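Visitor: Numbering (numbering that gives the first Met the number 0), first residue to last: 0 to 162.
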Amino acid sequence: MNHQQISYVIGDRLYLNITDRCTLACAFCPKTQGVKRVHDYDLTLDHRPEVEEILAAIDDPARYRQVVFCGFGEPTLRLKVLLQVAREIRDRGGRVRVNTDGLANLVHKRNVLPELAQYVDALSVSLNAQDAATYDRHCVPALQGSFEAVVDFLRRAPEYIAD
0 MNHQQISYVI GDRLYLNITD RCTLACAFCP KTQGVKRVHD YDLTLDHRPE VEEILAAIDD
60 PARYRQVVFC GFGEPTLRLK VLLQVAREIR DRGGRVRVNT DGLANLVHKR NVLPELAQYV
120 DALSVSLNAQ DAATYDRHCV PALQGSFEAV VDFLRRAPEY IAD
């Protein structure tokens, strides 16, 4: 696998594409439309990269404003891998952000925010709707109670991660 598929640079941030799996099938997601490109990067994964492959794709994390877990899948579905890589990024002087659907607590059946807080500097959570009916229509969640779970995740997150 070439590193461009695992890591890609936009501006002063390095992005990590660690999975192609997602708990949602958002109508507005390029992946749902069959498009797997961001800017000039093809984010098709022929397999889910292991920790060593991801670390090899990073080089020096301190040279970027942030290293962002964001690709065409939900990074918290690979929580153990995410945490191992994030720890290494932080140990090497990098700042870590996770772009997430906010369903990690629902998926893992526990509050994962304390674990994330050890190595994650910032979260970007996609809510994408003002109510459950709109969320279900636009995001097509695989799990019942997803809208409420995202709202709860957003409410709890600042207790653990300030940014």
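Using N, Cα and C, we set each Cβ at its ideal position, and we do this for glycine too.
Since we're looking at a predicted model, the values are computed, not measured.
I think residue 88 touches residue 122, with their Cβ atoms under 8 Å apart; what is that distance to the nearest whole Å?
Guide: Numbered from its first residue, the sequence shown carries residue 88 at position 89. Numbered from its first residue, the sequence shown carries residue 122 at position 123. About 15 Å; that fails the 8 Å criterion.
Visitor: Nearest CA to the CA of residue 44: which residue from 71, 22 and 33?
Guide: Translated into the one-based positions of the sequence shown, residue 44 becomes position 45. It is 71 whose Cα lies nearest to the Cα of residue 44.
Visitor: Does DSSP put residue 96 in a helix, in a strand, or in coil?
Guide: Taking the sequence shown and counting its residues from 1, the one referred to as residue 96 is at position 97. Residue 96 falls in the strand class under three-state DSSP.
Visitor: Between residue 139 and the rest of its own chain, which residues show a CB-CB distance below 6 Å, the 5 nearest in sequence each way excluded?
Guide: Taking the sequence shown and counting its residues from 1, the one referred to as residue 139 is at position 140. 24.
Visitor: Excluding the 5 residues preceding and the 5 following residue 64 in the sequence, name in chain order all residues of the same chain whose CB lies nearer than 6 Å to its CB.
Guide: As a working note, residue 64 is residue 65 in the sequence shown. Correct list, in chain order: 11 and 12.
Visitor: Using a 10 Å radius around the Cβ and a threshold of 16 neighbouring Cβ atoms, would you call residue 9 buried or exposed?
Guide: Sequence index remark: in the sequence shown, residue 9 carries index 10 (1-based). Exposed, by the Cβ-count rule.
Visitor: What are the start and end residues of each continuous beta strand (DSSP E) run of 3 or more residues lying completely inside the region 73-127, in chain order?
Guide: Whole beta strand (DSSP E) segments, 3+ residues: 95-99 and 121-124.
Visitor: Which residue wins for smallest C-alpha separation from residue 5, given the options 144, 29 and 51?
Guide: Counting from 1 along the sequence shown, the entry for residue 5 is found at position 6. Out of 144, 29 and 51, 51 has the C-alpha closest to the C-alpha of residue 5.
Visitor: Taking the beta strand (DSSP E) that residue 47 falls in, what are its first and last residues?
Guide: Start at 1 with the first residue of the sequence shown, and residue 47 comes out as number 48. It is not in any beta strand (DSSP E) - residue 47 carries neither H nor E in the DSSP assignment.
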